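The structure under discussion appears below in the form of structure tokens.
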Amino acid sequence: MNLTLLLPEIIVIVGGLAVMLRDLWLPADRKDGLWAWALAVPLIALAATFLPQLDVAARISVDGAMIVNPEATALSGSFYLDGMSMLLKRAFCVAAALVILMSREYLSELNRGQGEFWSLALFALSGMFFCASANDFMSLFVALEVVTVSFFVLVAFKRSSGTSIEAGLKLLVMGSLSAALMLYGIAFVYGASGTVFFDQVVVNGEVTRTGLRDLLATGQLVYSTELLIGVMLIFLGLGFKTSAVPLHVWVPDVYQGAPTPVTAYLSVGSKLAGFVLMLRVLEVFSRSGPMVDSLTPFLALVAAVTLFYGNLGALPQSNIKRLLGYSSIGQCGYILLGIASAWTVGISGTLFYMTAYVVTNLAAFAVVILVSRATNSHEIDDYSGLGRKNPLLAAALTVALLSLAGVPPFIGFFGKFMLIGSTFGSDELRWLGLVGMVNVVIALYYYLCVIKRIYMREERHPAKSVVPLRLKVVLAISMAALVIGGIAPQFLADKTAEIAEELQFAPRPRGGEHR
Amino acid sequence: MQQDFLTILMFMLFGAAFVVLNMVAIGRLLRSKTKYTAQKSATYECGEPTFGGAFIRFDIRFYVICLVFVIFDVEVLFLFPWAVVLKPLGWLAFIEAFVFVAVLAVGLAYVWRKGDVDWIPLHGHQAPGARLSEMDAVAAPSSAVTAPSSNPAPVTAAADG
Amino acid sequence: MEGLGIQLAFYSFAAVTIGSALLATMAKKIVNSAFALMATFFGVAGIYGVLGSDFMAVTQIVVYVGGILILLCFGMLLTDRVPDEFRVRSPRRYVGASIAATLTFVGLAWAISGTAWARLPHITDGSAEALPTTALIGNALLTDYLLPFEFASIVLLVVLVGAARVARGGTR
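Written out as structure tokens, the structure is:
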């Protein structure tokens with residue numbers, strides 16, 4: 043067993059357990075310091091991802107064909123470390139660290155029982171880690187359940203607030219439904235193929251266990267109705283995590299009702315975990331041409347509907363958390379657009395946009411937390427005059443919203459450029475690119491409405507926001523990433539292009555120009 | 155193997171038939187014939203006259219304890235197949251299951267320290283002696299069923315010492 | 558003869574499952590629904606047994622009948638009051654639910670009947686005597702499925718902590 047590869051995961055799990063035990067034996071007056079313990083865990087895990095021992099080639103060439111390197115797998119092939127999982131793990135670490143920095147302010151309002159928050163946030167992080175590395179359907183399901191169940195509790199964490207409990211309940215009902223759909227889909231795939239593993243295991247030249255990748259590549263497993271239904275059900279289940287239509291209905295209510303740091307965590311962590319699994323499953327099934335032909339229109343349709351739903355739904359919103367909820371449905375549409383055109387440059391753009399989305403959305407939510415602490419409200423009207431009261435805060439929110447809208451020179455622009463550009467690689471997806479462009483304009487309108495209120499309206503609340511050091515750090519890091527990533531996107535773009543190359547999506551059977 | 159299940163099925167069917175036969179057929183033959191009155195269909199509660207409905211509102215702690223039970227129920231089900239193959243698989247299997255149990259032991263420590271398995275509503279953690287004295291202080295056991303918040307905790311009681 | 562007995566057992570368990578599930582959805586009192594659900598769980602356990610999955614049958618009874626159902630009853634008793642009539646009976650809901658159920662059924666029937674099961678290499682015809690599965694499951698859990706097995710402990714831990722936290726409400 044190659045347990046060194048699991049070092050970041052082990053750090054996060056042991057860290058979560060340690061924080062939980064520490065909380066149990068800590069006197070009440072010293073529990074405030076627990077956030078520093080919790081913060082240390084993702085930072086140590088982030089450092090661990092840079093260890094040279096974890097830098098293993100994900101694919102090796104055998105007889106001219108690139109296959110999965112057994113050295114990069116662990117736990118009998120259930121765990122797979124490649125460029126994509128590494129990039130996402132680093133993004134998850136950054137997201138968890140920033141969220142923990144933000145949460146401290148919110149949690150000080152709860153005088154008791156906050157130790158669980160830190161450990162649950164860390165367990166959710168471990169679930170995201172395993173999502174990034176899952177290499178069979180069982181691991182995928184269990185990892186996703188850890189993320190989902192942690193979020194049920196985190197969303198309902200403010201027990202005294204009715205909206206928080208209601209949001210938790212809505213998430214629970216929808217989450218259970220989607221988990222059931224996904225499990226049913228896995229059962230269909232298992233029924234059609236006889237395996238839940240992505241890779242085969244070879245001992246002494248003899249195949250001891252079959253895997254989907256190899257079954258599909260060698261033609262032993264052919265496209266069939268039950269296989270397609272299984273994969274579609276799995277995608278529906280993952281669509282819940284990524285808030286894609288038709289499993290998006292929970293998003294606005296849950297985003298509004300959940301404690302704001304949890305909303306921020308949910309909007310990046312849980313969503314990216316869903317996307318990385320979509321990419322992984324799609325990559326496995328990209329070896330079957332008819333499957334690709336059946337899935338591409340399905341994904342494209344979902345992407346288009348999600349784009350319109352999110353962006354049109356955001357227009358009438360007056361609550362900033364609801365607005366960001368609808369906007370996150372819209373952003374999900376963009377990433378789906380990249381995934382639908384996965385057989386061109388879409389994957390690189392998808393990974394780029396996912397990474398950019400983490401810092402952008404977290405920056406927006408950090409400002410929302412600060413403003414609501416001063417005004418005790420999430421109404422967009424209460425952002426009036428923010429530009430005069432807190433010029434720096436207003437600037438940070440403006441930059442974050444412009445980046446979400448895809449305005450140059452911020453990081454979001456380049457991501458949207460890559461995603462929409464990817465659809466023009468194939469003839470049948472060109473319409474989707476047009477849908478994406480129309481939605482850029484719609485989204486720009488409601489983001490600009492917020493910015494207009496910030497700078498061009500009289501203030502309604504005289505209270506100025508006090509920015510604690512922890513949130514200054516959050517804003518400084520995310521702003522730096524937004525601007526540097528926007529001015530010099532090639533560092534990240536080169537990396538994602540390299541990962542997309544490594545992922546080895548099978549060449550698109552027809553219509554693709556790039557391969 | 156289905157034969158084994160057949161045995162269980164036969165046993166269950168026989169048990170069901172035995173109960174039904176006794177209650178309906180043999181009971182009808184043996185019991186004394188008296189006139190039906192309204193009292194005959196009343197709920198029997200140790201001979202006392204009943205009061206109130208059976209649907210009282212339970213304390214949430216019943217739920218938490220039941221939940222702890224279900225979690226460890228599932229844990230045991232995971233350990234059952236492990237126990238069957240422990241011998242051929244050896245020490246590695248032992249370590250694997252040890253990690254599994256250790257993680258859940260943290261959960262047990264959590265509910266224990268947070269007082270979820272204490273029956274008397276304790277807010278905070280005291281020495282076992284203090285627990286006993288508080289048990290005397292709680293007047294009626296029924297108060298524990300109906301009102302968990304009837305024993306408000308001093309804020310400092312959560313401190314450990 | 559053997560095959561006929563198995564078929565008879567399968568269809569009677571299926572009838573018990575479907576009948577009690579209908580009862581659980583249609584019953585007027587929620588308590589009756591819960592007890593009908595018990596019969597459903599038993600019926601599913603019976604189906605597992607007939608299909609030769611002995612460990613699953615036992616799991617079904619231990620977890621669902623012994624645990625989940627009790628939890629369900631506690632959940633009922635935790636609510637403020639248990640009204641005798643708890644269902645809103647509106648024809649619109651019946652129509653909507655019927656359409657959804659029919660569509661699901663047709664979709665699944667289409668997928669299952671469209672599958673050439675005999676062609677699939679990993680599916681045997683079931684004439685062989687089923688073997689006890691517990692040791693096989695134990696082997697699989699500790700070798701091929703080690704990661705899901707170990708990580709399941711984290712799922713259970715999170716469920717335990719989360720449910721206790723939500724039920725308690727963060728007072729301690």
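Residue numbers (the numbering used here), protein chains in the order written: chain A, 43 to 557; chain B, 155 to 315; chain C, 558 to 729. Glycine included, each C-beta is placed from N, C-alpha and C at the ideal position. Remember, it's a predicted structure, so these values are computed and weren't measured experimentally.
So V753(C) contacts chain B; which residues on that side make the cut at Cβ distance below 7 Å? What is shown of chain C runs 558 to 729, which leaves residue 753(C) out entirely.
Proximal residues of chain B, C-beta to C-beta of L63(A) below 8 Å: V260 and A263
Range covered by the alpha helix (DSSP H) that runs through T691(C): T691 to L699
What residues from chain C crowd round P235(B), counting only those whose CB sits closer than 9 Å? F612, T690, T691, A692, L693, I694, G695, N696, A697, L698 and L699
Look up F452(A) in the DSSP assignment and say whether it is helix, strand or coil. coil
Would you say R495(A) reaches chain C, if we count a Cβ-Cβ gap shorter than 9 Å as a contact? no
Over the uninterrupted beta strand (DSSP E) stretch that includes R251(A), give me the two end residues. Note, R251(A): beta strand (DSSP E), E248 to R251.
Under three-state DSSP, which class holds T115(A)? strand
Thinking C-beta only, is V400(A) closer than 9 Å to A198(A)? no
Using a cut-off of 7 Å between C-beta atoms, extract the partners of C220(B) located in chain C. I627, L628 and F631
With a cut-off of 9 Å, does the C-beta of Q546(A) fall near any C-beta of chain C? no
Own chain partners of F394(A) with C-beta closer than 8 Å, once the 5 adjacent residues on each side are dropped: F456, G457, M460, P531, L534, A535 and T538
Is it true that the CB of I627(C) sits closer than 9 Å to the CB of F226(B)? Their beta carbons are not under 9 Å apart, which means F226(B) does not touch I627(C) by this criterion.
Sub-9 Å separation of L96(A) and L164(A) beta-carbons: no
What in chain C is Cβ-close to K241(B), meaning under 8 Å? At a C-beta separation below 8 Å, K241(B) has no neighbours in chain C, since its nearest C-beta there lies roughly 10 Å away.
The alpha helix (DSSP H) enclosing I271(A), as first and last residue numbers: T267 to K283
Residues of the stretch 710-729 of chain C whose Cβ lies closer than 8 Å to any Cβ of chain B, in chain order: Within the stretch 710-729 of chain C, the residues whose Cβ lies closer than 8 Å to some Cβ of chain B are S710, I711, L713, L714, V716, L717, V718, A720, A721, A724, R725, T728 and R729, listed in chain order.
Less than 9 Å separating the beta-carbons of A100(A) and L123(A)? yes
Does the distance from the C-beta atom of I316(B) to that of R725(C) stay below 9 Å? A query on residue 316(B) cannot be resolved here, the shown segment of chain B reaching from 155 to 315 and no further.
So with Cβ pairs under 9 Å, would you call L59(A) a contact of chain B? yes
Looking at F183(A): is its Cβ nearer than 9 Å to the Cβ of L225(A)? yes
Give the range of the alpha helix (DSSP H) segment to which A654(C) is assigned. P648 to S670
Taking DSSP's pairing of strands, which residues face F239(A) in a bridge? D178(A)
Buried versus exposed, by CB contacts within 10 Å (16 or more), W160(A): Around the beta-carbon of W160(A), 16 or more other beta-carbon atoms lie within 10 Å, marking it buried.
Where D611(C) and T690(C) are concerned, what is the direct C-alpha to C-alpha distance, given to the nearest angstrom? 6 Å
Report yes or no: is there a C-beta of chain B within less than 9 Å of the C-beta of A55(A)? The displayed chain sequence assigns Ile, not Ala, to residue 55(A). Output row for I55(A): interface = yes.
Cβ-based burial, D424(A) [other Cβ within 10 Å; buried from 16]: Buried is the call here.
Under 8 Å Cβ to Cβ from A408(A), same chain only, skipping five residues before and after it: list those, please. L140, M144, A306, A438, L513, V516, L517 and S520
Skipping 5 residues on each side, what residues in its chain have a beta carbon closer than 6 Å to that of V293(A)? Closer than 6 Å at the Cβ level, and outside the excluded window around V293(A), lie S285, G367 and I371.
Roughly how many angstroms lie between the CA atoms of V525(A) and V441(A), to the nearest whole one? In a straight line, the C-alpha of V525(A) is about 9 Å away from that of V441(A).
Identify every residue that forms a DSSP beta bridge with V184(A). Per DSSP, none; premise fails for V184(A).
Just grab the DSSP bridge partners of E199(B) for me. For E199(B), which the question treats as bridged, DSSP gives the partners E202(B).
Can you name the residues of chain C whose CB is closer than 7 Å to the CB of R182(B)? Residues of chain C whose Cβ lies closer than 7 Å to the Cβ of R182(B) do not exist; the shortest such Cβ separation is about 26 Å.
Report buried or exposed for M166(B), applying the criterion of at least 16 other Cβ atoms within 10 angstroms of its Cβ. exposed
Interface partners of V257(B) on chain A, CB under 9 Å: Proximity of chain A to V257(B) at the Cβ level (cut-off 9 Å) is accounted for by I55 and L59, in chain order.
Would you list, in chain order, the members of the stretch 169-193 of chain A that have their beta-carbon closer than 7 Å to a beta-carbon of chain C? F172, M180, S181, V184, A185, E187, V188, V191 and S192
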